[in-house]
Each structure stands twice: as C-alpha cells, then as structure tokens.
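Inspection log for the structure reproduced underneath, given as structure tokens.
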Amino acid sequence: MARELKFADAATQQMVRHAEAEQHETVWDRYDAMQPQCGFGTLGLCCRHCSMGPCRIDPFGNGPKTGVCGATADTIAARHIVRMIAAGAAAHSDHGRDVAHTLALIVKDPKSAYSIKSESKLRAVAAVYGVETKDREIMDIAAEVAKEVLTEFGQSEGTVRMVKTAPAARYKIWEELGIVPRAIDREVVETMHRTHIGVDADYKNIIMQGMRTSLADGWGGSMIGTELSDVIFSLPKPLRTMANLGVLKKDYVNVVVHGHEPTLSDVIAVISKDKKLAERAKKVGAKGINLSGICCTANEIMMRHGIPLAGSYMQQELAIMTGVVDMMIVDVQCIWPGLDKTAECFHTKLVSTSPKAQMPGFEHIEFDEHRAIETATQLLEAAIDNFPNRDGQRTFIPDVAERAVAGFTTESVFQFLGGTYRSTYRPLNDAIIAGRIRGLAGVVGCSNPNVEFEEGHLTIVKELLANDVLVASTGCNSITCAKHGLMQPEAALTYAGEGLKEVCRAVGIPPVLHMGACLDNSRILRVLTNVVAEGGLGEDISDLPAAGAAPEWMSEKAVCIGFYFVASGVYTVIGKPLPVAGSAALNSYLTDGIEADTGGRWEWEMDPIEAAHKMLRHIDKKRKALKLKPMMYEQPFPQAE
Ligand code: NFS
Ligand code: SF4
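Residues in the sequence shown are numbered from 3 upward in steps of one, following the numbering used here.
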C-alpha cells in the first residue's frame, strides 16, 4: 500500500487493514498504481474522435495549439464533456426504459411477478402523458401509458412530456435557449453526431446540446424511471433499516445484490423470505438467507423493502473480502470488472444477470423478466448451495452498522411536513420564509479514491446541517449518510442548527432525507418544483435558496446529473473539477457565464468546508433577493473568501 489511508468509516478502516494483512489488492492500491494520471485527460485536452489523431493540445502553449483537423482546446474539451453527458443520460434513461418495459409486461402477462402497486402514481403519470383515466380499468391505463412512454424515447416529433412538469418560468428559459429535449434517444444520438469529426466546433453550441441531453435524462428518462418504479415496485415510505458491512451475518447465507435496476432485486427481496428456501438454507447448516445490497440497487430495495445496505460503491470488493458473501448478483452500472480477482481468493460466486453487462470471471445467469420468480429462485438456491464451500475459509466481518430511516419521496416529504390532514408544502416554505430553515441542499453522488473516502460527503452535509440547511440525499451519498448515523431522527439533535432541529423534532424526520438511488435525483427536481408552486419563494427553481453538491463524483451519470441541475437553475458544487480546465473559455463559461443563461452554475471546490460555505453564501444570496427574514438563530460562518 503506497499511502497511509485513514477512513472516517470504521468498517472500511478495518477491512482495508485486513486487506493489507492478507495482501488483497483494493481500489486504493490500483488508484495509487495509476499515478501520475494523464494531465491531458485531466484538463480535457485529448481527442481520439478520428484517426488523424489522437491529438493533444499543449496547455503551456509550447506544442500544437489545435488538433490535426484544427479543433481548438475549447472544441476538444466541450466535445469530450458532452460525450460524458450522453453516456450518463444513456445509462439512466436505458434504466428508465427497462422499467417502462416491465410496465408493458404487466399488461401483457397478468401472471408475471410484477403488478401495479401504486395506482395513484400511475394516474399521475397518465395525466402527464394526456392518457384518459376516468372510468377506465387500471390495466387499460397502464397499457396506454407504457405505449406512450416507450414510443416517446425514440419519437421524431414533439418534446419529452415530463419536461413540462417543470415550473413554467423554467420551461420558458429552456424554450428561449432552444434546449427543450425532443426525445431521449434523439438527444443522445445528436450529441454523438455533433461531436463526430468535423461537425459542431462552437463550444457554447456544443454545451447547449449537452444541456438538452442532460434535461432529457433528468426531466425525462430518469424521472420516467423513478415514477414508473414507484408504480411497479411501490411508492417508498419511510422505514427503518441498517447500513454498513456489519449487516453481513456469519451464520447465514449472505446474498448481496449490486448494480442499479430493481427489476430482479425486487423479486429477490420477496423470494428471499420464502420458507422452502429457508429450509434449504438450514439443511446446509445456515440459519437462513440474509439479503443485503451495494450501490443503487441497494438503495432501491432498501427504500421499498427495508433490506439493509452492505455498503457503497467503494466497498464492493471489501464485502467480498469478508469471506461470508456466498453470492454477489450484479445487474448494470458501477460494477468493477476486477471483482473476479478478489473473488478468486474466496468462495464467493459472482453472477451477472444483464445481457448488457457481462464480465470475465462472472457466471452469467441471464435474467428474463418473464421468468422472474424462477430466475430469483435459481439464484438463491445456488447461493445456498455455495454456503458449505465457505468451510475453512478465514472470515472477517467488521462489527459496524448504523440504524437509518430511508424512503423519502416527493410525496412523503409533502405529507410529513404538511401534516397528516393537509398534504402541502406550506409548512416547509413557511419554515424557510421564517428563517427556521435556511434553505435546501441536494448532496448526492459517488465516492472516488482520488479523495479521502467519505470525508467530502460527511463534512459538507454536517456543515450544512449546522447552518440549518435541510439536506436531500441520493445515491452513494445516501449510503454514506446512512452509515454515519445522519439518517436517524436523533441526528437532528446532534448535528442540526437550532431552527432545523425544531422542524425535524416537530415532524420526526432525520435532517438528511434519503430520497433514493441516483435515478431518483428526479425526486429532488420535483421537490424544488413543488416548493416553487407552493409560493412565496419566487417563480423559478433558480430563485430558491437551494444548492447542490457531488463532492466525490466519478461517473458519467454524475456529470449528466450535474448538468441537468445547472440547466434547471441550481448552483452545483463538485470536488474534482470537470475535465475542462484546458479550455479557459469553457471553464469560465461553466463556472460563471452560464448563470446568465440558466440561472445555475458549476463550482469546483476540493475543500469540503469551503464547498459548504460557498453553498451557504449562495443560499443567503437567494434569501436576500427574496427579501426573506434573517435567520431565526443566526450562525456565523465565514462570509468572504
Ligand atoms: Ni450514482 Fe449509484 Fe454510487 Fe455514483 Fe454509482 S452507485 S447511480 S453513479 S457510484 S452514486
Ligand atoms: Fe484530432 Fe480533430 Fe481527429 Fe480529434 S477530431 S482526433 S482533434 S483530428
């Protein structure tokens, strides 16, 4: 191990020490071995879009100033970043499409493992798509909604209809900028077209298309994915659960689901409670089946079934190193292809299930949603049968897990803060107006070995809470906050400022609200929309005292998410800068000039305390513009940089 690693998380600390002692390689080792990383790539100055290249621009001006085709640093950096957006939008939206397919399956095959769990949500989606609901059978409505949604992904005319659910003032801005997305697939395709050799070379024009693509995701593919997941897998409700590697149990068959899509894992969550399987587990000497999750698949089944979280993205190989994982079942996204190297030293069976994501060293058992129950049963049986192979293997489970409450949605925040009798955002808006709550923050996204693990997430969140900012969380930030006890109602007493504490205590919520997987960032857009609609805090998302952060981002999905928040008018702070610093013009546009266009902007800030202070300053600027009262319990934090 090249560097002395310190972790805020005791479970990770213990596992990494254990890995060192047992000489298992970790992501941190591989990251260190990769140093120094390519400076051209970091600055966004390399292009491989055609075979006259690869080209790279010398940032110091000593070498070539353009690529062979004449593309400048501005063009190259802009093309690269929007391709990242396209990949992120494609990933999220393809997930959304798969959920829509499951809805279509329910209609076609009433005997399938799935059903309509939230009729009210289905009706709400139907209204957006102009599908008649009055006096109609629920299956008829579902059939038409599925058809409308699936057709819309690739339509050649019209615009993405969910986008219309944004505040009117916001939609107008998008119309004026010409970035209302037309169809999800079309925007991804057009981004790929425009970034081909010899097409779009104007960095601003390229970024506008990038934003349109990101909006097709945030207010399109992702939002459709979230809404239809609620329809099919049920509308999450706040429930208690546990988080961290300590949820693995030595004397049980441990099955870990990992990835993003809930179609298989939701069925596994149900089947894992089957009595016959429990008996089978007992026959091999286990006490039963213990299901847990990693990454956003974990978030999905945790918020709907209370299944515990084994860990976040950065803990996937650590889970295997406990020696007690009998099977890890993966679907798509954020799965390390190197997991098989870790698993080689253990009995853990790795199983890939999606035709889109097969990995060397994994057994592939393809998931067919028509045979969902059979596939889930087959997988769990194989996991049970693998339990005896643990024999004689050294096991090590850190005894660390925290309690958490998860499963907040746009609707449940509504009910919670509005009281049981009247569903309204009024009390939330009033708390902001009165200066009890300073504002709202979305803290989201991945973790990355390029920073101290979870330090960014935890420091930003705690600093925001101390300054009376209510935090909505998704993705791996949610997992981090859950593991560190920030998602218990009692956390308000420890971490929240006086005003926020009063609100959390009155309604019994944690100060950090677990709003789901990364896909569910669309829920945060909806919360912001509802706050605008409730009134008293401006006409548009960009008027709100709100900010976003992804302190340890790494994925292309995170880039796409950041762009749709900026395009929606949100001030968005990330740790490591986007790879655009090689273009002074693009860098300055994204962190400054773009605000005049969308009302939102990017900020790069590696220091998490400073990042939180920048968000607080932004929130205060918006409070001032809205002429809101001063904060009820003023907390001084540094005003100037
Ligand atoms: Ni989001 Fe979730 Fe985690 Fe990042 Fe990966 S699991 S979809 S991409 S790493 S938060
Ligand atoms: Fe080089 Fe232009 Fe080809 Fe990119 S598109 S590799 S900059 S010649």
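Don't be surprised by glycine CBs; every beta carbon is placed ideally from N, CA and C.
- With a cutoff of 7 angstroms, G69 counts as near the ligand SF4, since its C-beta is closer than that to a heavy atom of the ligand.
- A474 is bridged by DSSP to G444 and L515.
- For S95, the uninterrupted alpha helix (DSSP H) run begins and ends at A75 to K110, by DSSP.
- In the three-state reduction of the DSSP assignment, V453 falls in the coil class.
- Distance from the CA atom of A170 to the CA atom of A106, rounded to whole angstroms, is 31 angstroms.
- Within the region 294 to 335, the runs of alpha helix (DSSP H) at least 4 residues long that lie entirely inside it are, in chain order, 297 to 307 and 318 to 323.
- Residue nearest to S274 within the set L293, G287, L266 and E612 is L293 (criterion: CA-CA distance).
- Note on S590: under 16 other CB atoms within 10 angstroms of its CB, so exposed under the neighbour-count rule.
- Taking each of V529, G69 and V353 in turn and checking the Cα distance to T426, the smallest one comes out for V529.
- Closest by C-alpha distance to R188, out of V509, M489, R214 and Q39, is R214.
- Comparing alpha carbon positions, the residue from A586, W30, I209 and E454 closest to I87 is I209.
- Here the alpha carbons of I175 and C347 stand approximately 55 angstroms from one another.
- The C-alpha of I322 lies about 36 angstroms from the C-alpha of A498.
- For A321, the CB stays at least 7 angstroms from every heavy atom of the ligand NFS.
- Using a C-beta cut-off of 8 angstroms, the region 447 to 465 makes no contact with the region 531 to 544, since fewer than three inter-stretch Cβ pairs fall below that distance.
- With respect to A75, S570 sits apart: the two C-beta atoms are not nearer than 8 angstroms.
- Of the heavy atoms belonging to the ligand SF4, none sits nearer than 7 angstroms to the Cβ of G132.
- Annotated three-state conformation of V258 is strand, per DSSP.
- Counting other Cβ atoms within 10 Å of its Cβ, H26 reaches 16 or more and is therefore classed as buried.
- The Cβ neighbour count for H372, taken over all protein chains shown within 10 Å, is under 16; the residue is labelled exposed.
- When beta bridges are read from the DSSP output, W604 appears opposite T574.
- Contact holds between the region 253 to 273 and the region 382 to 398, because three or more Cβ pairs, one in each stretch, are under 8 angstroms apart.
- When the alpha-carbon of Q317 is set against those of K239, D393 and V29, the nearest one is in V29.
- With a cut-off of 7 angstroms, the C-beta of A245 is classified as distant from the ligand NFS, since no heavy atom of the ligand falls inside that distance.
- Contact check for A13 and V582: beta-carbon distance about 36 angstroms, past the 8 angstroms limit, so the pair fails to qualify.
- In this structure, the beta-carbon distance from V147 to W221 does not fall below 8 angstroms.
- Nearest to P429 by C-alpha distance, out of E504, T324, R242 and L527, is E504.
- Taking 7 angstroms as the cut-off, the C-beta of M54 counts as close to a heavy atom of the ligand SF4.
- The ligand SF4 has no heavy atom closer than 7 angstroms to the beta-carbon of I208.
- A straight-line Cα-Cα distance of about 42 angstroms links C478 and D137.
- Between the alpha carbons of T153 and F369 lies a gap of roughly 24 angstroms.
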